[in-house]
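Counted from 1, the sequence shown has number 13 at position 13 by full-length UniProt numbering; the numbering is strictly sequential. Idealized CB from N, CA, C, for every residue including glycine. Bear in mind that the values here come from a model prediction, so they are computed numbers and not experimental data.
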Amino acid sequence: MDAPASPPPQAIDRLSALLERFRLRAHLFHAGPLCGVTHFAAQPGRGFLHVLRSGEMEVTHRTRGVKRRLQVNEPTLLFYPRPLAHDFHNAPVDGADFVCATLDFDGGDSHPLVRALPPLLALPLREVQGLDHTLALLFAETERLRCGQRLLADRLFEVLVIQLLRWLLDHTGETELPAGLLTGLAEPRLARTLVALHERPEADWTLDTMAAQAGMSRSAFAAAFRTHVGQPPADYLAQWRMAIAQTLLRQGTPVKAAAEQLGYASASSFSRAFTQVVGQAPRSWVQGAGG
1 MDAPASPPPQ AIDRLSALLE RFRLRAHLFH AGPLCGVTHF AAQPGRGFLH VLRSGEMEVT
61 HRTRGVKRRL QVNEPTLLFY PRPLAHDFHN APVDGADFVC ATLDFDGGDS HPLVRALPPL
121 LALPLREVQG LDHTLALLFA ETERLRCGQR LLADRLFEVL VIQLLRWLLD HTGETELPAG
181 LLTGLAEPRL ARTLVALHER PEADWTLDTM AAQAGMSRSA FAAAFRTHVG QPPADYLAQW
241 RMAIAQTLLR QGTPVKAAAE QLGYASASSF SRAFTQVVGQ APRSWVQGAG G
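Encoded structure:
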């Protein structure tokens, strides 16, 4: 008699806890053709999502670490998760047709997903499955003015980003993402631990409990985590807690209350951890640019 087949691994939601803690807000600011040269300035904490619906163009950048010139010849999604100045060069007569939105991530450049993404993702729409219905609704909303158009278009852009992140999790190898949060979430065993850290940052996590969550030995877990996420588990947990702490402090949460919410035994131990990760004591950070 054949042995019973082992049950399939339990599916887990790898994004909700993350995006509930650090929200994304999109704002439609352009729909239609763009002619000539259009400059998009880098603004602190702000990204961009452009969808080229038809036409072709050249994109240029003046910043190191990203391709200086990019020729786009088909419907394409251009995702800038963090501030990066860029220019679109379009023919003066047959301008390319776009919908464009700004993206504001809670925490700005310290948003865990923003840190994990490259400065630009340029993806032909034919390669990214699952966007068709959202794009059809988005284009329909931008073709003529209707009640609630702007709010609905903003929400559709946010849905588009979540769908894109979902697609990236399933195609990390094809997009050559650097080691980071997304590549960690793409590894099923590490994903179990990462989701648990995101959902319960205040828990008394140790290397043993994190490895047990993944169903791995301590040494195998530590090595796999460093390979896929790009840092030791304890460092990731500290950064995740301090990213949450910065959000709490911005909202006016007292230091002692923030320490309790994140599982620290005292305000002083929380302050030491905050200073080590952020480079400033919590009260100094709040009084400066952080506040």
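**OP:** Could you tell me which uninterrupted alpha helix (DSSP H) segments, each at least 4 residues in length, are contained entirely in the stretch 51-138, listed from first to last along the chain?
**Re:** 112-116
Original post:
For H171, which three-state DSSP category applies?
Top reply: coil
**OP:** Indicate whether D97 and S54 have their beta-carbon atoms separated by less than 9 Å.
**Re:** yes
Subject >> Extent of the continuous beta strand (DSSP E) run through F40 >> reply: G36 to F40
**OP:** Under 8 Å Cβ to Cβ from L138, same chain only, skipping five residues before and after it: list those, please.
**Re:** V51, V99, A153, L156, F157 and L160
Subject >> Start-to-end residues for the alpha helix (DSSP H) that takes in M210 >> reply: L207 to A214
Original post:
For the stretch 188-252, which segments carrying the alpha helix (DSSP H) assignment without a break, of at least 4 residues, lie completely within its bounds, in sequence order?
Top reply: 188-199, 207-214, 218-229 and 233-250
Subject >> Under 9 Å between C-beta atoms of L181 and A243 >> reply: no
Original post:
How is the alpha helix (DSSP H) around A273 delimited, first residue to last?
Top reply: A267 to V278
Original post:
When DSSP builds the beta bridges, which residues end up paired with F48?
Top reply: Y80 and T102
**OP:** For residue 311, count neighbouring Cβ atoms within 10 angstroms of its own Cβ and tell me buried if that reaches 16, exposed if not.
**Re:** Since the first and last residues shown for the chain are 1 and 291, residue 311 lies out of range.
Original post:
Based on the DSSP secondary-structure assignment, which residues constitute the bridge partners of R25?
Top reply: D104
**OP:** Locate the alpha helix (DSSP H) running through P282, then write down its first and last residues.
**Re:** P282 to Q287
**OP:** For S271, count neighbouring Cβ atoms within 10 angstroms of its own Cβ and tell me buried if that reaches 16, exposed if not.
**Re:** buried
Original post:
Going by C-alpha distance, which of N73, A122 and L49 is nearest V66?
Top reply: A122
Subject >> Residues near V125 in its chain [Cβ-Cβ closer than 8 Å; skip 5 each side] >> reply: In the sequence as presented, Val is not what sits at residue 125; that position holds Leu. Here the set comprises V51, E74, P75, T76, L77, L131 and L135.
Original post:
Would DSSP call G184 helix, strand or coil?
Top reply: helix
Original post:
Among residues of its own chain, excluding the 5 on either side of T206, which ones have a beta-carbon nearer than 6 Å to its beta-carbon?
Top reply: none
Subject >> CA-to-CA distance, V195 to A211, given in whole angstroms >> reply: 13 Å
Original post:
From what residue to what residue does the alpha helix (DSSP H) around Q261 run?
Top reply: V255 to Q261
**OP:** Could you tell me the distance, in whole angstroms, from the CA atom of A273 to the CA atom of L18?
**Re:** 21 Å
**OP:** Starting from A31, follow its DSSP beta bridges and name the residues at the other end.
**Re:** V99
Subject >> Beta-carbon contacts of D13 that lie in its chain and below 8 Å, excluding the five residues immediately before and after >> reply: V195
Subject >> CA nearest to the CA of H111, picked from T275, Q239, Q261 and G263 >> reply: Q239
Subject >> Three-state secondary structure assigned by DSSP to D154 >> reply: helix
Original post:
For Q213, is the classification buried or exposed, using 16 other Cβ atoms within 10 angstroms of its Cβ as the cut-off for buried?
Top reply: buried
Original post:
Relative to the alpha-carbon of A265, which residue among P83, H61, E202 and L34 has its alpha-carbon at the smallest distance?
Top reply: E202
**OP:** Please name the residue in L164, P44 and V37 whose C-alpha comes closest to that of H61.
**Re:** V37
Subject >> Where D43 falls: helix, strand or coil (DSSP) >> reply: Checking the sequence shown, residue 43 turns out to be Gln, not Asp. Q43: coil per DSSP, three-state reduction.
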